[in-house]
Amino acid sequence: MFSNLTNALDFQSKGLVLRAERQRVIASNIANADTPGYSGRDFDFKKAMAEATSGPTIALAPPSSGTPADGTTNNRHIPLTPIEGSSIGDNNKLGYTIQTQPAMDGNSVDLDRERANFVDNSVRYEATLRFINGSSRTILSAIQGQ
113 MFSNLTNALD
123 FQSKGLVLRA
133 ERQRVIASNI
143 ANADTPGYSG
153 RDFDFKKAMA
163 EATSGPTIAL
173 APPSSGTPAD
183 GTTNNRHIPL
193 TPIEGSSIGD
203 NNKLGYTIQT
213 QPAMDGNSVD
223 LDRERANFVD
233 NSVRYEATLR
243 FINGSSRTIL
253 SAIQGQ
């Protein structure tokens, strides 16, 4: 019976970890916006959430040959280190973003798109936190008999 109460919290907590990981990936893209040759990284949240909740493996665009697992393609790039509890960075499941505007330096980061993704992900992260907070308060109230 208790597992029925916590199933929604488990789902939301996995979503929270994935949102935090995506926030780090987007922040890394923004930080490397001026790095020549940098390829923006991202992952499909829907597929990652399906993998986290049901277990099937997903295959995102694999990095090009010679790309280290930390997401760098040059020693001047800021490395991506995975968040504990997230499977995205561990198995190198980050895909590359598609370049919308050609750049002379080979950088594929579109700052406007990355900023929009950052804000959207932040709002969704906060909504997930509020849901978890509300659910845990409801469960606590029920346990205390209030």
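With the working numbering applied, the sequence shown corresponds to residues 113 to 258, in that order. Quick reminder that beta carbons are idealized off the backbone N, C-alpha and C, glycines included.
Other residues of its chain near K126: CB distance less than 8 angstroms, five sequence neighbours each side excluded:
For the purposes of this step, residue 126 is taken as the residue at position 14 of the sequence shown. Answer for K126: M161, A164 and T165, listed in chain order.
To the nearest angstrom, report how far apart T250 and E133 are at their CA atoms.
Looking up residue 250 in the sequence shown gives position 138. Looking up residue 133 in the sequence shown gives position 21. Near 28 angstroms, if we compare the C-alpha coordinates of E133 and T250.
Is D154 buried or exposed, if buried means 16 or more other CB atoms sit within 10 Å of its CB?
By 1-based counting over the sequence shown, the position of residue 154 is 42. Flag for D154 reads buried.
Pair within 8 angstroms by beta-carbon distance, R136 and N233:
The residue given as residue 136 occupies position 24 in the sequence shown. The residue given as residue 233 occupies position 121 in the sequence shown. No, the pair does not count as a contact, with Cβ atoms beyond the cut-off.
Y150, DSSP secondary structure in three states:
Position 38 of the sequence shown holds residue 150. Residue state, collapsed to three classes: coil.
Reduced DSSP category for G207 - H, G, I as helix; E, B as strand; rest coil
Within the sequence shown, residue 207 is the residue found at index 95, counting from 1. Three-state DSSP puts G207 in a strand.
Which same chain residues end up closer than 6 angstroms to L128 when comparing Cβ atoms and leaving out the 5 residues on each side of it in sequence?
Locating residue 128 in the sequence shown gives position 16, counting from the first residue. Excluding residues within five positions, the ones whose Cβ falls inside 6 angstroms are T240.
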